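Presented below is the structure to which this report refers.
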Amino acid sequence: MWNSKLETLDRTSLEELQMRKLARALESAARTSYYSRVFADCGIEVAKIRSIRDIKELPFTTKNDLRLSYPDGMLAVPRGDVVRMHASSGTTGKSTVIFYTMKDVGDWADLVARCMAATGATREDVFQNMMGYGLFTGGLGLHYGAERLGCLVIPSAAGNTLRQIQLIRDFGTTIIHITPSYALHLGDEAAAQGIDPKRLAVKKAYLGAEPYSEATRDKIEAQWGLDAYNSYGLSEMNGPGVAFECVEKKGMHIWEDYYYIEVIDPDSGRLLSDGEQGELVITHLNREAMPMIRYRTRDLTAVIPEPCPCGRSHRRIERIKGRTDDMLFIGGVNVFPSQIETVLMNVPEVGNNYQIVLDRQENLDRMHIRVELYSKMFHRDLRELERLRSQLVKELQALIAVTPRIEILEPGSLPPSTGKAVRVIDNRKI
Ligand code: DLL
């Protein structure tokens, strides 16, 4: 373990530590123009928060609050102490900015090193980082953590697929950090070059930054002959390094000495118990530059109540099922794209890329799924393709109670993604 004392701290000591850190986080939040106003409006005296459970007296923070306090309404330190900023892409609205002091950057690297060590990574590993470098946190976040662990880091960033394969071969890359959609595409490209990904030295993949199904993990593991670990994070909480799977690969440990977590009913805001599915709410207990209190992530998950056999005391969260704002409303039925992915990826004839297109015709919602075939299947006869199409319609109907139109495409027809994949195209004017 990277820090066995902290990673195996007994639950009582962990809660005491959280309380001490929360008191500091609240003091620092009260120094920001945003939280000082919010606390005053709600009549909250932070000094009166005495137990970690009192946190529920505090209001939630939302993405919109970050937008409204753009660019620095949530900054708790003088500008001169800030050494780094990252920003979300702003695809769902105005971009949001996160600031870090030197200590914040160091703490983040330490957490990422902890995540990587939990998967068995060591200083002997060659780590190829295929996530975007820049305002996105995926590149730099893992970069500093992997260096802290002592790996040889190849900062290859996203894209340029042929060069990625070349680097893997030339430097004997053992760990890749990559979005799941790009991992599948990279594997296909390697195969198209006559290279069997399983014969490369890559032993581990860290997959995250976008939702994906267990079936996709299985597919990537089989394609590459490696162990794939789920990695969860969000810019508002630093970036990657918030929760990570250990060698057990059964849910992601969320580092509770840095993050206080709650799961709530997204509609009522009611606190849910461990094991119940809801929206994850996180309080950052450790950041100097930008405290973040009860942040509503919109990510849907559940806390796994059982302790992990690995011996870490930090609780695990389940694979993210989707986002509250991801849920599709189709003719009165609620569907998560991840449910559709699970069906598609469990069918061996289906290839690695798909797209969900939604339209409204004569006031009725229509779902159209464009599915690439697995390359070896494409030359089958029409009857077989028809059989596959009906099988997909039947399986999807059974799971999501919507009847989609399935379009079967030649491999490589859909635009490949090198970063976060865009899976849903919603043409409905709602
Ligand atoms: O995506 C940070 C990150 C980079 C995580 C690299 C993992 C690896 P944002 O761009 O702020 O930050 O997007 C955060 O992405 O709220 C989730 O909805 C989604 N997400 C991230 N990791 C996972 C995952 C980075 N493992 C948003 N499974 C989050 C499902 C994920 N969704």
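Going from the sequence shown to my numbering is simple: count from 1 and add 9. Glycine included, every Cβ here is placed at the ideal spot set by N, Cα and C. If you're wondering where the values come from, they're calculated on a predicted model, not measured in any experiment.
Alpha-carbon to alpha-carbon, residue j and residue i
i, j, result
"E245", "I107", "6 Å"
"K228", "E350", "12 Å"
"S45", "R208", "57 Å"
"I270", "D283", "11 Å"
"R432", "Y221", "11 Å"
"P300", "G250", "17 Å"
"E156", "G217", "19 Å"
"K522", "R369", "The displayed coordinates of the chain run from 10 to 439. Any statement about residue 522 would go beyond what the structure contains."
"A39", "P87", "14 Å"
"R321", "T17", "5 Å"
"I163", "L397", "41 Å"
"D205", "G234", "10 Å"
"E133", "A126", "12 Å"
"L391", "Q364", "22 Å"
"L418", "Y215", "29 Å"
"N138", "A49", "44 Å"
"V312", "Q202", "42 Å"
"N12", "D119", "9 Å"
"D335", "F345", "7 Å"
"E297", "P80", "17 Å"
"L77", "L193", "38 Å"
"E265", "W117", "14 Å"
"E393", "N362", "20 Å"
"L176", "R59", "53 Å"
"I61", "E24", "7 Å"
"G159", "T131", "7 Å"
"L15", "Y268", "13 Å"
"N295", "I174", "38 Å"
"T170", "N247", "28 Å"
Residues that residue i bridges to, as DSSP identifies them
i, result
"R369", "D374"
"E381", "L418"
"E257", "Per DSSP, none; premise fails for E257."
"G345", "In the sequence as presented, Gly is not what sits at residue 345; that position holds Phe. F345 pairs with nothing; no bridge assigned."
"L193", "For L193, which the question treats as bridged, DSSP gives no partner whatsoever."
"D266", "Answer by DSSP bridge pairing: none, since D266 is not bridged."
"M301", "H293"
"I204", "In the DSSP output, where bridge partners are listed per residue, I204 has none listed."
"N138", "H186"
"Q364", "R379"
"T310", "G287"
"P249", "G242"
"L161", "V135"
"I434", "V366"
"K213", "I184 and D236"
heavy atom of the ligand DLL below 7 Å from residue i C-beta
i, result
"T306", "yes"
"R332", "yes"
"G320", "no"
"G147", "yes"
"E219", "yes"
"G248", "yes"
"Y79", "no"
"I273", "no"
"S104", "no"
"S244", "yes"
"M301", "no"
"I174", "no"
"Y43", "no"
"S13", "no"
"I329", "yes"
"S97", "yes"
"S240", "yes"
"M140", "yes"
Nearest neighbour of residue i, chosen from the options [CA to CA]
i, options, result
"E381", "N343, G421, A126 and V411", "G421"
"R324", "P206, Y142 and A252", "A252"
"K112", "V92, A127 and K103", "V92"
"A2", "Y79, Y109 and M354", "The requested residue 2 is not part of the displayed model; the chain covers only 10 to 439."
"L243", "K429, A32 and T41", "K429"
"A32", "D19, S13, V55 and K14", "V55"
"I302", "I313, V290 and G278", "V290"
"G143", "H152, R76, V135 and F136", "H152"
"C124", "A49, Q286 and G260", "G260"
"V47", "S22, L75, T21 and T128", "L75"
"M376", "N362, F338 and L394", "F338"
"D224", "T146, V211, E254 and Q348", "Looking at the sequence provided, one finds Ala at residue 224 rather than Asp. For A224, the nearest C-alpha among the options comes from Q348."
"D90", "Y109, V256 and R379", "Y109"
"P357", "Q400, R332 and N239", "Q400"
"D435", "M10, D374 and T128", "D374"
"I378", "S384, G360, R414 and G141", "R414"
"H262", "L280, A210, R305 and I329", "I329"
"L195", "Y241, M140, S240 and L367", "M140"
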